[in-house]
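Read top to bottom, the protein sequences are chains A and B.
For what it's worth, numbering that gives the first Met the number 0 labels the leading residue of the first sequence as 0, then goes sequentially.
For what it's worth, numbering that gives the first Met the number 0 labels the leading residue of the second sequence as 0, then goes sequentially.
There are 2 protein chains.
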Amino acid sequence: MAATIIDGKKIAETIQQELAEEIKQLQAEHHLTPGLAVVLVGENPASKVYVRNKNKACHDIGIYSEQHNLPQEASEQELLALIQQLNHDDKIHGILVQLPLPDHIDEHKVINTILPEKDVDGFHPVNIGKLMIGEKGFRPCTPFGVQKMLSYSGVPIDGAHVVVVGRSNIVGKPIANMLLQKQPDANATVTVCHSRTKDLAAITRQADILIAAIGQPEMITAEMVSENAVVIDVGVNRIEDPASKTGYRLVGDVKFDEVSQKCKAISPVPGGVGPMTITMLLYNTVESAKQSLER
Amino acid sequence: MAATIIDGKKIAETIQQELAEEIKQLQAEHHLTPGLAVVLVGENPASKVYVRNKNKACHDIGIYSEQHNLPQEASEQELLALIQQLNHDDKIHGILVQLPLPDHIDEHKVINTILPEKDVDGFHPVNIGKLMIGEKGFRPCTPFGVQKMLSYSGVPIDGAHVVVVGRSNIVGKPIANMLLQKQPDANATVTVCHSRTKDLAAITRQADILIAAIGQPEMITAEMVSENAVVIDVGVNRIEDPASKTGYRLVGDVKFDEVSQKCKAISPVPGGVGPMTITMLLYNTVESAKQSLER
């Protein structure tokens, strides 16, 4: 029997519609429009595409967005000054500095300069600390998207055994910490596996929810999952494909064809976690605007 | 066959001797004496004992320590002003505010006011955030003590399956995050279990290293551990004992008598994690003094 498909694109659309409604309400009741500033340093082509997509997504649901382009050779000082200015700008509720930054700029210093209250990427140590101890704060967008996907799909998390494969700072560690909190959409027993894990398959087979975030194409095979598992594939890997026009195609960390024939539910790549990430950036920006009303 | 006893008291003494040597060297080479300020608000008898013990431990190894007593009715403002003063005091490298605080004082605000560079308790969100993503920073003393106990006992952590039972902010969550980092004395596969975990025994039996931090007297029984397990008992529970002079005795979260007959190694209560906690406070204070040389 084939698995249910967890359609990230559709869930993302639903959440974006909800956000658009909230924004209308904020404008009507409080004359407040959520605002996002996106900062891009240099000319990295991939980064330019990401930034453009983020601006477009803002526009589509009614978030005010502005883009700040600094040249590749901009000094750290200039970038920090720009962030300080945005920190004090009342129409800006979220600040996103597109990574990676040029080598001469200290990424840590940049992230630490963003006010935690405007850190809609959830990368400031204060927000990471709050995540770990279960306090209110901005959650990083990809793991937050995974959590929302599970809850919008009605997957029970409370009491489930979640196995996370991968321990990156932007996915594996935060999703593990988020799902083990004594909170709604959480309260799971959580195991984190990685390159040093012995007998990985024996552990992944115990998962009620398996989250693959290793960055290795199609590493998770059918024999590594149980029939009852819900599988969320966070991987985005390019593999060569001569049959494709571009010469490559995108695959996840999960061998979709065989795993989807065995497990209970699965998110595809593309069309799974991807659309959720940008949506949670919008969500955090709207949330930040709402919180600004309380200050 | 009875388990090897992991003697926290002895390991703590070893580390304290090493610290005493380091302090002598800091004094000889840099005319620098590490300094700890301990702040106590009110008259809680248990807190007074803890504070006295911390001061004595400092004195024993050559750390300068000062105690600040504020009355129970001291305002939050007064406490914050004292912390600011200590933040700017060059002879103070560590600031510890003894918890709990009176109800009229916001604990979060107090912890957030301590400079992260002097937060030797490791409770500031910035230090917690750094812990989660594996960056340098102060680690909270109890989980740090557990990690050091394991490494000083020669227990292999790299590649081991660590099962943590309990998800408190001061023990369960930080120890889980510390041991899963790609770092020395870490690199473990980590599972966090808690009150909502289904079939707890099936999971704890998989542990190469079992860390009990639930706060429930003698909850971990022999049938929950494997023969190869190293068991670290973080629990400190008072249970009634008419045979004792005080009318009670201290027990851990592990049923020591039966578990120690089965597993490979175990830390007792008392004499296990307890002496390590205060030792890591001293360790962090010395570390902070050393870091002050680099600023």
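Where a beta carbon is used, it is the ideal one built from N, C-alpha and C, also for glycine.
DSSP places B:I208 in the uninterrupted beta strand (DSSP E) bounded by I208 to A211. Neighbours of A:N176 across chain B, judged by C-beta separation under 8 Å: M131, K172 and N176. Between B:L35 and B:G93, the gap from beta carbon to beta carbon is short of 8 Å.
Scanning B:A212, B:T278 and B:E222 for the CA closest to the CA of B:D252 turns up B:A212.
Linking B:M275 to B:I10 through their CA atoms gives a straight-line distance of about 8 Å. Not one beta carbon of chain A lies nearer than 8 Å to the beta carbon of B:R294. Using a CB distance cut-off of 8 Å, B:P44 does not count as an interface residue toward chain A.
The beta carbons of B:T278 and B:Q15 sit about 6 Å from each other, so the pair counts as a contact at 8 Å. Secondary structure note for B:E239: its beta strand (DSSP E) is the uninterrupted segment N236 to E239. Contiguous alpha helix (DSSP H) elements confined to the stretch 145 to 186 of chain B occur at 171 to 179, taking only those with 4 or more residues. Distances from the alpha-carbon of B:L114 to those of B:K129, B:L209, B:I104 and B:V125 put B:V125 closest. Annotation: the continuous alpha helix (DSSP H) that includes B:V48 extends over P44 to I60. Rounded to the nearest whole angstrom, the C-alpha separation of B:P99 and B:G121 is 16 Å. The stretch 80 to 120 of chain B contains, as complete beta strand (DSSP E) runs of 3+ residues, the segments 93 to 96 (chain order).
Of all alpha-carbon atoms in B:E134, B:N86, B:S74 and B:A201, the one lying nearest the alpha-carbon of B:H103 is that of B:S74. A:Y247 counts as exposed, since fewer than 16 other C-beta atoms from the protein chains shown sit within 10 angstroms of its C-beta. A residue is called buried when at least 16 other Cβ atoms come within 10 angstroms of its Cβ; A:V48 does not meet this threshold and is exposed. In this structure, the alpha-carbon of A:D157 lies about 15 Å from that of A:G133. Within the DSSP bridge table, the entry for B:V250 names B:N236 as partners. When only Cα atoms are considered, A:N54 and A:F143 end up about 20 Å apart. Within the stretch 133 to 152 of chain B, not one residue has a Cβ closer than 7 Å to any Cβ of chain A.
Residue burial is scored here from C-beta neighbours: B:T188 has at least 16 other C-beta atoms within 10 angstroms and is therefore classed as buried. Taking a cut-off of 8 Å on C-beta distances, the stretch 226 to 233 of chain B touches the stretch 190 to 210 of chain B, as three or more cross pairs fall below it. At a cut-off of 8 Å between C-beta atoms, A:K117 does not count as an interface residue with respect to chain B. If you check the CB distance, B:T220 and B:K244 do not come in under 8 Å. Straight-line spacing of the CA atoms in B:A175 and B:L280 works out to 20 Å.
When only Cα atoms are considered, A:D232 and A:G7 end up about 11 Å apart.
Sorting A:E257, A:S150, A:A201 and A:P216 by C-alpha distance to the C-alpha of A:A185 places A:S150 at the top. Between B:T203 and chain A, the shortest Cβ-Cβ separation is not below 8 Å.
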